[in-house]
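One structure is given below, encoded as structure tokens.
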Amino acid sequence: MILTTPNYVEQTPEGVWKVYGSRVSLDSVLAAYLSGLSPEGIQEAFPSLSLEAIHGCLAFYLRNRSDLDAYLQRERDNFEAQRRAMAVTNQPVIERLRVARASASVAAAES
Numbered sequence: 055m056i057l058t059t060p061n062y063v064e065q066t067p068e069g070v071w072k073v074y075g076s077r078v079s080l081d082s083v084l085a086a087y088l089s090g091l092s093p094e095g096i097q098e099a100f101p102s103l104s105l106e107a108i109h110g111c112l113a114f115y116l117r118n119r120s121d122l123d124a125y126l127q128r129e130r131d132n133f134e135a136q137r138r139a140m141a142v143t144n145q146p147v148i149e150r151l152r153v154a155r156a157s158a159s160v161a162a163a164e165s
């Protein structure tokens, strides 16, 4: 009898961990798990994933917890840096929208 060990996770060329054969990020599965969802609850949130794949992802996480916790922190830091950069870049647009909204509110109140 020949047994095989399936892959449950894969890393993209950009370094992002995904559930093997899907577009669901490992980050998403782990966020659900770390917020308290059971594997069955995670499957409800991500119905395209099999329960086997979810358990495989969780086993991968538990085996590599320190490395993956560091990866998740880097991803959070990258997201926050991008959010701050976008806030600065988009500030002129946001200000124009505030002015337009205020003008529209004044015009509506006067009519």
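Start counting the sequence shown at 55; every next residue gets the next number (this note's numbering).
We put the CB at the ideal spot given by N, CA and C, even for glycine.
Model, not experiment: these values are computed from the prediction.
Here the C-alpha atom of residue 153 lies approximately 19 angstroms from the C-alpha atom of residue 165.
Under the three-state reduction of DSSP, residue 78 is assigned to coil, being neither helix nor strand. For residue 73, the enclosing beta strand (DSSP E) covers residues 71-73. DSSP links residue 63 through a beta bridge to 73. With contacts defined as CB atoms closer than 8 angstroms, residue 95 and residue 62 fail to qualify as a contacting pair. Apart from the 5 residues on each side of it in sequence, residue 159 has no Cβ closer than 7 angstroms to any other Cβ in its chain.
The shortest C-alpha to C-alpha distance from residue 126 to any of 71, 57 and 150 is the one to 71.
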